[in-house]
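Protein chains in written order, with this note's numbering: chain W, 11 to 111; chain F, 214 to 383. Glycine included, each C-beta is placed from N, C-alpha and C at the ideal position. Presented below is the structure to which this report refers.
Structure, rendered in structure tokens:
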């Protein structure tokens, strides 16, 4: 078991998350792709922590798990709110969020 | 040898879950793929000898985040016509993968310049993490607690339905 296997897995997972964000339009899938990217960074932190024999990386990963939980709460609340307003999960429908009036 | 096979199984589960997550049309099936990926990530943390991280991943990410997402998906209960119409979904995913592939290779090349063996250190146990968390990392820890409080309040305020008070106006 070498660190390179973990690094390869981290790269693949981050890219899958990126592909999900770019190519899908379902709001839930976009949210889960962001979570996947954050989790891959988490795995990278844990791997580096093991590689260098330093527990600081694990503490950072622990704090990142808390950030992921906060992000999940806010994102899910936002999706609920947006769905209640216009009854669709299509992210293209929310272009109006970017328009400045 | 045993470690490599466990790693392969977990990596397979994780990549399979992630692919199922971005390829399914039904949102709940995507959430199941996400669940699989998060459980496998907990296993990978355990394989890296950081037990505390593995347990907190299972407790927070699987028990909290994924269950909350599934609950939200089931509560929202989007009908077929509420889902986005994506006729060329696989084409989009394919071309985006081609676009992202050089980035993946670059990321892997950059990361693999690091030393390719693990130190023979002890497992990172909860005692060490607790000591670090309350000495060097105490300020980020407190900031995270405020962040969680703010996120909770924000989530309540954003998702709250408009409350209409009826009554003593007359």
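Beta-bridge pairing of residue 100 of chain W - partner residues as DSSP gives them: W:36.
Residue 42 of chain W versus residue 17 of chain W - alpha carbon distance: Each residue's CA atom was taken as its position, placing residue 42 of chain W and residue 17 of chain W some 21 Å apart.
For residue 94 of chain W, the three-state DSSP class (helix, strand or coil): Residue 94 of chain W falls in the helix class under three-state DSSP.
Residue 112 of chain W burial status per 10 Å Cβ neighbour count (16 or more: buried): Past the edges of chain W, shown from 11 to 111, lies residue 112 of chain W, and the structure says nothing about it.
Interface residues of chain F facing residue 108 of chain W [CB-CB closer than 8 Å]: For the C-beta of residue 108 of chain W, not a single chain F residue is nearer than 8 Å; the gap to the nearest is close to 17 Å.
Cβ contact (3+ pairs, closer than 8 Å) linking the region 346-355 of chain F and the region 51-58 of chain W: In the pairwise beta carbon analysis, the region 346-355 of chain F is classified as not touching the region 51-58 of chain W: fewer than three pairs are separated by under 8 Å.
Rounded separation between residue 321 of chain F and residue 20 of chain W - CA only: Distance between the alpha carbons of residue 321 of chain F and residue 20 of chain W is about 8 Å.
Euclidean distance between Cα positions of residue 335 of chain F and residue 316 of chain F: When rounded, the distance between both Cα atoms is 34 Å.
Partners in chain F for residue 44 of chain W, counting only beta-carbon separations shorter than 8 Å: Residues of chain F passing the Cβ test: none, with the nearest at roughly 11 Å.
CB contact check: residue 105 of chain W to chain F, cutoff 9 Å: Interface annotation, residue 105 of chain W: not in contact with chain F, CB-CB separation never under 9 Å.
Residue-level contact to chain F via CB, residue 51 of chain W, 9 Å cutoff: No, residue 51 of chain W does not count as interfacial toward chain F.
Residue nearest to residue 238 of chain F in terms of C-alpha spacing, selected from F:224, F:270, F:299: Closest by alpha carbon: F:299.
Chain W contacts from the region 289-309 of chain F (Cβ-Cβ distance under 7 Å): Residues 289, 291, 295, 296, 297, 299, 305, 306, 309.
Assumed close pair residue 297 of chain F, residue 64 of chain W - CB separation to whole angstroms, cut-off 8 Å: Incorrect: roughly 44 Å between the Cβ atoms, too far for contact.
Simplified DSSP assignment, three categories, for residue 375 of chain F: Coil.
Proximal chain F residues relative to residue 15 of chain W, where beta-carbon distance stays under 9 Å: Result: 217, 220, 221, 224.
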